[in-house]
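*Asks:* Going down the list, the protein sequences come from chains A and B.
Each residue of the first sequence is one higher than the one before, starting from 163 at the first, in our numbering.
Each residue of the second sequence is one higher than the one before, starting from 163 at the first, in our numbering.
Dropping the structure in here first, questions after.
2 protein chains.
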Amino acid sequence: MNTILSNLKIQVNEKIYVKDPETSPLGKKIVEQSIFLIDEIGFDNFTFKKLGEKIGSNESSIYRYFENKHKLLVYLSSWYWSWMEYKLVFATTNIVDPTEKLSKAITIVTEKVTDDTNTEHINEAILNKIIIAEFTKTVQTKEVDQENKEGFFLIYKRVINRIVGIVKEVNPEYPFAKSLVSTIVEGSLHQHFLTEHLKTITDCNESVSTTEFYLNLAKNVLR
Amino acid sequence: MNTILSNLKIQVNEKIYVKDPETSPLGKKIVEQSIFLIDEIGFDNFTFKKLGEKIGSNESSIYRYFENKHKLLVYLSSWYWSWMEYKLVFATTNIVDPTEKLSKAITIVTEKVTDDTNTEHINEAILNKIIIAEFTKTVQTKEVDQENKEGFFLIYKRVINRIVGIVKEVNPEYPFAKSLVSTIVEGSLHQHFLTEHLKTITDCNESVSTTEFYLNLAKNVLR
DNA sequence: CAAATATAATAGTATTACTATCAACTATGA
DNA sequence: TCATAGTTGATAGTAATACTATTATATTTG
């Protein structure tokens, strides 16, 4: 996986950006540093002006890459889920036993992320923290239907449906495969959030535990 | 329940408001109409100025009740979960069989809400729509730890832990009761959202189905 | 009726979320 | 190597947001 990812470019829907940030040093810096700044001050307090100051660049230059901060967050999310899809595919390819395949998939998608050193300008561990704290904000807007039509959430839906396929291999009779998987994926982000901030309503306390909970859940539901 | 609720006042943590909106006609109007306006234009586009125009009142008057729009949303959420707790308690009291009790509880908490005509100025059906679309925004902020300390989310956590108690009656051996319940409660809001906006990653399509999915899930996990 | 309280109207500030313009610098290719 | 296209930076400006402060006017209560 290592060598392959370093040659592969994560593809993000062109409609999300004004200019592809991967095509210039400034673009890469915007992406790289926005991850740190959003993690640091939170998306709600994040502005292009502050990011400009952080990277020693002008606010107006950032607008040449992203229409607004919402689009930047959608970009980061798309990148994340696209990267997640690679991890998923590589972890499950050539595994014949559906149950084992599903376990690997659930593990990939629910465990805490460590930095993938193959992508130079993106720190996946921090990006994962952002996804945990802010991902629902990319979807939960009044513009969701419009943006869904434009394909902003395709990658996310593809990740879900890839796992749905595995669930159906494990148990073709189970009638709620899609809801189960979307519950696991979204729910694991939520459990990670609770582990950090509202500990009294979760049993998860370290990275492995959230995964354990969902592995156990899936096993019980699909047996 | 009807007669009792019409006499009971839903209690909301005093730190959430500047002045209790239940104590004046203007306060009630602010709460009543904010629900309609947030539903209509979304929380992100909602401002006190727009609300003032809608209710024929001045922006500055609204600030005398709520510090900012975030606090107003926290107020609406607290009200909602408090009301949900009443429904829960009344639906499960005097039921001896834990399994039946849990089924009632899961049904209450996952089903689509219809207006409760006993509360004059609050339309619960619309409020439920707001909770589905915006609830995570009340929690997912940089101030979550501070606000949690001040007790802003106590009611929500109490609802979760009340159901956790029932889960433990059903199966005292199950090691993830808290995570299961928080997954169900938060997850059902998410499934309702997907049903409306991202239909390709959910199996739920009408009110009953989300409940069915989670009843089935809980049954399989706890047997 | 007086005093206290609630509300409305107006004004003002700092920040946000942009857009527009123009100058400077950089890379390319003829 | 020069011309030119494209990128970035600097500055300015606008409308909206998120408030705070002040004063006037109603309304309630004792």
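Backbone N, C-alpha and C fix where the C-beta goes; we use that ideal spot for every residue, glycine too.
#1: Can you list the residues of chain B that A:V306 reaches, using a CB-CB cut of under 7 Å?
#2: So what does DSSP say about A:I224, is it helix, strand or coil?
#3: Under 7 Å Cβ-Cβ, which residues of chain B neighbour A:L356?
#4: Since B:I294 contacts B:F198 with CB under 8 Å, what's their CB separation in whole angstroms?
#5: DSSP three-state call for A:L360: helix, strand or coil?
#6: Can you look up B:T209 in the DSSP assignment and give me helix, strand or coil?
#7: Between the stretch 197-209 of chain A and chain B, which residues of the former have CB atoms less than 8 Å from a CB of the latter, in chain order?
#8: Check whether the stretch 259-278 of chain B touches the stretch 177-188 of chain B, counting contact only when three or more Cβ pairs, one atom from each stretch, lie closer than 8 Å.
#9: Check whether chain B comes within 9 Å of A:V301, counting only Cβ atoms and requiring the distance to be less than that.
#10: Quick check: the Cα distance between B:T303 and B:Y318, rounded to an integer number of angstroms?
#11: On a CA-only basis, which of A:I192, A:E229, A:Y227 is nearest A:K212? Give me that one, please.
#12: Note down the Cα distance separating B:T209 from B:Y336, rounded to an integer number of angstroms.
#13: Counting pairs of beta carbons, one from the stretch 277-289 of chain B and one from the stretch 236-248 of chain B, are three or more of them closer than 8 Å?
#14: Does the stretch 312-326 of chain B touch the stretch 221-229 of chain B, meaning 3 or more C-beta pairs lie closer than 8 Å?
#15: Please state whether DSSP places A:S186 in a helix, a strand or coil.
#16: Under a CB-based cut-off of 9 Å, is A:I363 close to chain B?
#17: If you reduce the DSSP assignment to three classes, tell me which class A:T276 lands in.
#18: I'd like the list of long-range same chain contacts for B:L379, defined as Cβ closer than 6 Å, with 5 residues on each side in sequence excluded.
#19: Output needed for B:E305: all residues of its chain with C-beta closer than 8 Å, excluding positions within five of it in sequence on either side, in chain order.
#20: For a contact defined as C-beta to C-beta under 7 Å, what are the partners of B:K212 on chain A?
#21: Report the neighbours of B:L379 on chain A: residues whose CB is nearer than 7 Å to its CB, in chain order.
#22: Kindly indicate the opening and closing residues of the alpha helix (DSSP H) around A:K381.
#23: Does the beta carbon of B:P337 sit closer than 9 Å to a beta carbon anywhere in chain A?
#24: Please confirm if B:A295 has its CB atom under 9 Å from at least one CB of chain A.
#25: Would you verify that the beta carbon of B:F228 is, or is not, closer than 9 Å to some beta carbon of chain A?
#26: Output needed for B:Q353: all residues of its chain with C-beta closer than 6 Å, excluding positions within five of it in sequence on either side, in chain order.
#27: Closer than 7 Å by beta-carbon distance: list the chain A residues that pair up with B:S244, in chain order.
#28: Report the rounded CA-to-CA distance for B:I288 versus A:K233, giving the unit in angstroms.
#29: Where does B:I257 fall in DSSP's three states?
#30: If you count every other CB in all the chains shown that lies within 10 Å of the CB of B:F357, and 16 or more means buried, which is it?
#31: So, for A:W245: in the same chain, excluding its five sequence neighbours on each side, which residues have a beta-carbon less than 6 Å away from its beta-carbon?
#32: Please compile the residues from chain B whose C-beta is within a distance smaller than 9 Å of the C-beta of A:H352.
#33: Residues in the same chain with beta-carbon distance under 8 Å from A:G386, minus the five sequence neighbours each way, listed in chain order, please.
*Replies:* Looking at the coordinates:
#1: H359
#2: helix
#3: S344
#4: With 8 Å as the limit, B:I294 and B:F198 do not qualify as a contact, their Cβ atoms being about 16 Å apart.
#5: For A:L360, the three-state secondary structure derived from DSSP is coil.
#6: coil
#7: So the close ones are I203, G204, D206, N207.
#8: no
#9: yes
#10: Distance between the alpha carbons of B:T303 and B:Y318: 16 Å.
#11: A:K212 has its Cα closest to that of A:I192, out of A:I192, A:E229, A:Y227.
#12: 45 Å
#13: yes
#14: The stretch 221-229 of chain B makes no contact with the stretch 312-326 of chain B; the number of CB pairs closer than 8 Å stays below 3.
#15: coil
#16: yes
#17: A:T276: coil per DSSP, three-state reduction.
#18: none
#19: Leaving aside the five residues that flank B:E305 on each side, none in its chain has a CB nearer than 8 Å to its CB.
#20: Simply none; closest approach about 14 Å.
#21: V383
#22: 369-384
#23: yes
#24: yes
#25: no
#26: T364, C366, T372
#27: The contacting residues do not exist; B:S244 stays about 16 Å from chain A at best.
#28: 28 Å
#29: coil
#30: Sequence check: residue 357 of chain B is Thr here, not Phe. Burial call: buried.
#31: I172
#32: T298, S344, T345, E348, G349, H352
#33: No statement about residue 386 of chain A is possible, as the shown extent of chain A runs from 163 to 385 and does not include it.
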